[in-house]
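Enquirer:
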Amino acid sequence: MNTTDTTLASKVQALVDEDLLNAFWDAADFFKTEDLVLFYDTNKQVDPITVYERDKFLTAPGVPESLKNKFKEPANHASDMLKDDDAAFWLLAAFKEGQMASAAITANLKA
Numbered sequence: 000m001n002t003t004d005t006t007l008a009s010k011v012q013a014l015v016d017e018d019l020l021n022a023f024w025d026a027a028d029f030f031k032t033e034d035l036v037l038f039y040d041t042n043k044q045v046d047p048i049t050v051y052e053r054d055k056f057l058t059a060p061g062v063p064e065s066l067k068n069k070f071k072e073p074a075n076h077a078s079d080m081l082k083d084d085d086a087a088f089w090l091l092a093a094f095k096e097g098q099m100a101s102a103a104i105t106a107n108l109k110a
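Take numbering that gives the first Met the number 0: the last position of the sequence shown gets the number 110, and nothing is skipped along the way.
Next up, the structure:
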């Protein structure tokens, strides 16, 4: 992994906070699935998070093949830190510098 990839991965991980995890759990309740993609646009001050069901995200027009390939499996297949009582989702982030990065994020099961 080169320095740019490491920096982007760090930036994605820095977005993971209680608000993001709450958005995931609220969306999971709404969509009745944990198989989600959360798009975090750091350029937006208001409502920076948009949630998609993964299968609908994959069929949306304009989604690059590289993302379709990366997100072809649910995030829980990609997360090596997942325990039985956890869930996982894909996080796709857009940064002010025009860069984008993604990662499988683990979320502890709500009590």
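Just so you know, even glycine gets a beta-carbon here, dropped at the ideal spot from N, CA and C. Predicted model only: the values in this text are computed from it and were never measured.
If contacts are defined as beta-carbon pairs under 8 Å, then residue 102 and residue 24 qualify, I think. What distance do you get, rounded to the angstrom?
Expert: Rounded, the Cβ-Cβ distance is 18 Å, inconsistent with contact.
Enquirer: Nearest to residue 86 by CA position, among 94, 28, 6, 93, is which residue?
Expert: Out of 94, 28, 6, 93, 28 has the C-alpha closest to the C-alpha of residue 86.
Enquirer: Rounded to a whole number of angstroms, what is the C-alpha to C-alpha distance between residue 41 and residue 108?
Expert: Their backbone Cα atoms lie some 26 Å apart in a straight line.
Enquirer: Where residue 19 and residue 48 are concerned, what is the direct C-alpha to C-alpha distance, given to the nearest angstrom?
Expert: Looking at the two C-alpha atoms, the distance is approximately 8 Å.
Enquirer: My understanding is that residue 91 touches residue 36, with C-beta atoms under 8 Å, so please give their C-beta distance in whole angstroms.
Expert: With a Cβ gap of about 6 Å, residue 91 and residue 36 count as contacting.
Enquirer: Provide the residue span of the alpha helix (DSSP H) that contains residue 18, from first to last.
Expert: Segment 17 to 30, the alpha helix (DSSP H) holding residue 18.
Enquirer: I'd like to check one pair, residue 57 with residue 70: are the Cβ atoms closer than 8 Å?
Expert: Closer than 8 Å, so yes.
Enquirer: Can you tell which of 68, 99, 75 has the C-alpha that lies nearest to the C-alpha of residue 34?
Expert: Checking every option, the nearest Cα to that of residue 34 belongs to 75.
Enquirer: By DSSP, does residue 54 sit in helix, in strand, or in coil?
Expert: DSSP places residue 54 in helix when its eight states are reduced to three.
Enquirer: Which one of 63, 54, 64 has the shortest CA to CA distance from residue 73?
Expert: That would be 54, whose Cα lies nearest to the Cα of residue 73.
Enquirer: Quick check: the Cα distance between residue 12 and residue 100, rounded to an integer number of angstroms?
Expert: Between residue 12 and residue 100, the C-alpha separation is close to 10 Å.
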